[in-house]
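First to last, the protein sequences are chains A and B. The opening residue of the first sequence carries number 0 in numbering that gives the first Met the number 0; numbering runs sequentially from there. The opening residue of the second sequence carries number 0 in numbering that gives the first Met the number 0; numbering runs sequentially from there. We treat Cβ as the ideally placed atom computed from N, Cα and C, and that holds for glycine.
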Amino acid sequence: MTGAIVLGTALCAAVALGMVFRARDGRIRATESAAAEEPQRLAPVDLGGPLGERASLVHFSSAFCAPCRATRVLVDTIAEQSQGVRAIEVDAESNLDLVRRLDIRRTPTLLVLDGQGVIRRRATGLPKRSEVVAALADVV
Amino acid sequence: MSEQVSGRTDQRAAAKTGPRILVDPRGQRFNAFITTVVLAVVLLTIPGDTSLILLGVQAFVFGLGAFFGLRYQPYGWVYRTFIRPRLGPPKEFEDEAPPRFSQLVGLIFVFLAVVGLALPFEPLAYLAVAFALIAAFLNAVFGFCLGCQVYLMFRRGTSRD
Numbered sequence: 000m001t002g003a004i005v006l007g008t009a010l011c012a013a014v015a016l017g018m019v020f021r022a023r024d025g026r027i028r029a030t031e032s033a034a035a036e037e038p039q040r041l042a043p044v045d046l047g048g049p050l051g052e053r054a055s056l057v058h059f060s061s062a063f064c065a066p067c068r069a070t071r072v073l074v075d076t077i078a079e080q081s082q083g084v085r086a087i088e089v090d091a092e093s094n095l096d097l098v099r100r101l102d103i104r105r106t107p108t109l110l111v112l113d114g115q116g117v118i119r120r121r122a123t124g125l126p127k128r129s130e131v132v133a134a135l136a137d138v139v
Numbered sequence: 000m001s002e003q004v005s006g007r008t009d010q011r012a013a014a015k016t017g018p019r020i021l022v023d024p025r026g027q028r029f030n031a032f033i034t035t036v037v038l039a040v041v042l043l044t045i046p047g048d049t050s051l052i053l054l055g056v057q058a059f060v061f062g063l064g065a066f067f068g069l070r071y072q073p074y075g076w077v078y079r080t081f082i083r084p085r086l087g088p089p090k091e092f093e094d095e096a097p098p099r100f101s102q103l104v105g106l107i108f109v110f111l112a113v114v115g116l117a118l119p120f121e122p123l124a125y126l127a128v129a130f131a132l133i134a135a136f137l138n139a140v141f142g143f144c145l146g147c148q149v150y151l152m153f154r155r156g157t158s159r160d
């Protein structure tokens, strides 16, 4: 009897979690810091390379992450097709200080930076192409 | 420069897993579905020999998947032999490393459940199996790999840069 109750509870929890994850996954949100007086920004020194002139798509990936591959393809394609936009991939495991500073909890996490390096948008999970393009248009 | 940063990721991934092995993601979901069913039966048969035997089988399956690769795992064999010929080739492949890591996470939870039964402290067994079942269900039905996502939090908590 206990087992049946535990099973029922676990299945309900799994369905609820799955629906929450599905709704949130890849959704691009405006970061709170973007509106703050001291916005959070990334400099070339943080990323080991120059930023994009107009915007940068910084994505954190790790080896143990299936959607990271799809994110890389998406972000690279969009950057190639947009002038002054640079795609920068950061390996989360070898940049743990940065991961802690930005409170990155999962990979892939995508940050959309404006030309000054200010983090304007953020998404966790594989984002939709149209949303990344829209976010870029807002930021540039 | 962006190429250099991403190049490092690939090298690290390769160093950890050897040459990249790609797997059919539908096989992983089939695997998770069978795991969900096995763990559901475990929950319904705690405490008892059936639950212990099934946990042993599931631990063996997780262990094979985690340490030797998903191809050497019996559920994967069933998928390859009986299911995939009917489905045709997959549209895309994915890296084997994430699902393999998640098999290790599964093994840890099954181990905790066995400890719970051995003590005996049944709440531990119920809780551990319930968590493993939630993870397997999310993978089977929604395609989310919880085990894979725990990895970064684990690294953040345990290592200094």
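- Note that the segment 8–27 of chain A does not touch the segment 79–90 of chain A; fewer than 3 beta-carbon pairs, one per stretch, sit closer than 8 angstroms.
- Put simply, the CB of F141/B is near chain A, with a gap under 7 angstroms to one of its CB atoms.
- E52/A carries a coil assignment under DSSP once its states are collapsed to helix, strand and coil.
- When Cβ pairs closer than 8 angstroms are counted between the two stretches, the segment 141–158 of chain B is seen to touch the segment 95–111 of chain B, the count reaching three or more.
- Classified as exposed, L21/B has fewer than 16 neighbouring CB atoms from the shown chains inside 10 Å of its CB.
- Here the C-alpha atom of S32/A lies approximately 40 angstroms from the C-alpha atom of K90/B.
- Our two residues, L111/B and A127/B, have alpha carbons roughly 6 angstroms apart in a direct line.
- DSSP places I118/A inside the beta strand (DSSP E), whose first and last residues are I118 to T123.
- Within chain A, no C-beta atom comes nearer than 9 angstroms to that of F67/B; the closest sits roughly 17 angstroms away.
- Non-local C-beta neighbours of L137/B in its own chain, meaning closer than 7 angstroms and more than five positions away in sequence, comprise F143 and L145, ordered along the chain.
- Between the alpha carbons of A58/B and T49/B lies a gap of roughly 14 angstroms.
- Using beta-carbon distances, F136/B counts as an interface residue toward chain A, with a partner under 7 angstroms.
- Restricting attention to L38/B, S158/B and R25/B, the CA atom closest to the CA of P84/B is found in R25/B.
- The DSSP-derived three-state label of D102/A is coil.
- At a cut-off of 7 angstroms between beta carbons, R23/A makes no contact with chain B.
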